[in-house]
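Undergrad: Please find one structure pasted underneath; my questions will follow.
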Amino acid sequence: MMKNQRILLALFIGQVLFQVVTSKECLTNLDCSEKQCCVLRDGAAKCAALAKKGQACSLISLPLNVEECPCKSGLTCQESNGRLTCAKA
């Protein structure tokens, strides 16, 4: 059991490090690629991928989004069961 826990911990740490290394700092959406938005999470503004179908989203695109990006092209941000998620337009 301990071996499995170590493997899971190593995978988790690897994923976190990958996210940190690949996340570009930003001030506004203009600092990110067209498939990303500038989002403020945990006190830092980083470029993040636009939300995909079923993912949490922001209703509007602001120069600096808080917590979530808007949906990628072809999807709309809709309320479902008390939360906002991307769905086909």
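When you line the sequence shown up against mature numbering (1 follows the signal peptide of the UniProt record, and there is no 0), it's residues -23 to -1, 1 to 66, in that order. In this text, a Cβ means the ideal position worked out from N, Cα and C, and glycines have one as well.
Thinking just about the alpha-carbon of each residue, which of 49, -19, 48, 33 is nearest to the one in residue 57?
TA: Here residue 57 refers to the residue found at position 80 of the sequence shown. Of the listed residues, the one whose Cα sits closest to residue 57 is 33.
Undergrad: Measure the beta-carbon distance from residue 31 to residue 62 and round it to whole angstroms, keeping in mind my assumption that it falls under 8 Å.
TA: If you number the sequence shown from 1, residue 31 lands on position 54. If you number the sequence shown from 1, residue 62 lands on position 85. Confirmed, about 6 Å.
Undergrad: Once the 5 residues before and after residue 9 are set aside, which same chain residues still bring their CB inside 6 Å of it?
TA: Residue 9 sits at position 32 when you count from the first residue of the sequence shown. Taken in chain order, the residues that qualify are 3, 15, 24.
Undergrad: How far does the beta strand (DSSP E) with residue 56 in it extend, from its first residue to its last?
TA: Numbered from 1 along the sequence shown, position 79 holds the residue referred to as residue 56. Segment 52 to 57, the beta strand (DSSP E) holding residue 56.
Undergrad: Using CA coordinates, which residue listed in 13, -15, 29 is at the minimum distance from residue 66?
TA: Here residue 66 refers to the residue found at position 89 of the sequence shown. Per the Cα distances, 29.
Undergrad: Distance, Cα to Cα, residue 64 vs residue -16?
TA: What you label residue 64 is simply residue 87 of the sequence shown in a count that begins at 1. What you label residue -16 is simply residue 8 of the sequence shown in a count that begins at 1. Spanning the two alpha carbons is a distance of roughly 32 Å.
Undergrad: By how many angstroms is the C-alpha of residue 6 removed from the C-alpha of residue 21?
TA: Locating residue 21 in the sequence shown gives position 44, counting from the first residue. Locating residue 6 in the sequence shown gives position 29, counting from the first residue. Their backbone Cα atoms lie some 14 Å apart in a straight line.
Undergrad: Look at the alpha carbon of residue 48 and the alpha carbon of residue 37, and state the distance between them as a whole number of angstroms.
TA: Counting from 1 along the sequence shown, the entry for residue 48 is found at position 71. Counting from 1 along the sequence shown, the entry for residue 37 is found at position 60. Cα-Cα distance, rounded: 9 Å.
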